[in-house]
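Numbers in this note's numbering are just positions in the sequence shown, counted from 1, shifted up by 15.
Just so you know, even glycine gets a beta-carbon here, dropped at the ideal spot from N, CA and C.
Following: one structure in structure tokens, then a few remarks.
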Amino acid sequence: MISDGFDTSAVLHLRLADALRPDLLPSASLPTDPMDHLAVDTAPVEAAGLFNETFFLKLGFSFMVGLALGFALKMAFKLVLLVVGLILLGVFALQYAGILDVNWSGLEIHYDGWVEWLTVNGGAFFDFIGGNLTSAASFTAGLVMGFRL
């Protein structure tokens with residue numbers, strides 16, 4: 016241990032002694048919790064009070080379209096993934112049983128073509144939506160919120 020000649024234990028002892036002095040302890044009239052000054056009156060927020068008609072009117076049309084589209088896409092993606100997963104489980108089971116023979120390399124070629132088509136047309140769709148709405152940033156925020164709901 017490197018020492019510079021300064022006794023830190025004596026300083027610590029003095030600070031502890033000062034902290035326990037009765038005249039420095041909080042009185043009964045003062046709050047005992049040091050975080051009391053940060054306390055905020057938090058009344059329970061009802062969903063009906065938060066999401067009323069003025070809440071949605073203030074968000075704007077672009078945000079609401081994005082919110083609806085994001086929520087619908089999220090639900091559609093979940094449904095498609097469930098159906099595709101169940102179909103693939105069936106195909107794997109049939110292949111394992113020897114009933115079905117699958118050409119996976121041919122399937123991969125079709126899958127890559129489908130993903131390329133979806134990328135091009137999906138980008139064009141979002142460009143169309145963003146170009147026809149007055150606020151693309153509000154639409155994007157609504158889309159993200161729709162995915163998160």
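Per DSSP, what kind of secondary structure is residue i in: helix, strand or coil?
{"i": "SER150", "result": "coil"}
{"i": "ASN118", "result": "coil"}
{"i": "GLY128", "result": "helix"}
{"i": "GLY137", "result": "helix"}
{"i": "LEU158", "result": "helix"}
{"i": "LEU82", "result": "helix"}
{"i": "LEU104", "result": "helix"}
Answer with buried or exposed for residue i, where buried requires no fewer than 16 other C-beta atoms within 10 angstroms of its C-beta.
{"i": "SER120", "result": "exposed"}
{"i": "PHE140", "result": "exposed"}
{"i": "LEU158", "result": "buried"}
{"i": "GLY138", "result": "exposed"}
{"i": "GLY113", "result": "exposed"}
{"i": "PHE107", "result": "exposed"}
{"i": "PHE78", "result": "buried"}
Are the beta-carbon atoms of residue i and residue j separated by less than 8 Å?
{"i": "GLY146", "j": "LEU84", "result": "no"}
{"i": "GLY75", "j": "SER153", "result": "yes"}
{"i": "THR155", "j": "GLY81", "result": "yes"}
Using a Cβ-Cβ cutoff of less than 8 Å, which residues in the same chain neighbour residue i once the five nearest sequence positions on both sides are dropped?
{"i": "GLN110", "result": "ASP116 and VAL117"}
{"i": "LYS89", "result": "GLY161, PHE162 and LEU164"}
Give me, in chain order, the residues of the same chain whose beta-carbon lies closer than 7 Å to that of residue i; leave out the 5 immediate sequence neighbours on both sides.
{"i": "ASP127", "result": "none"}
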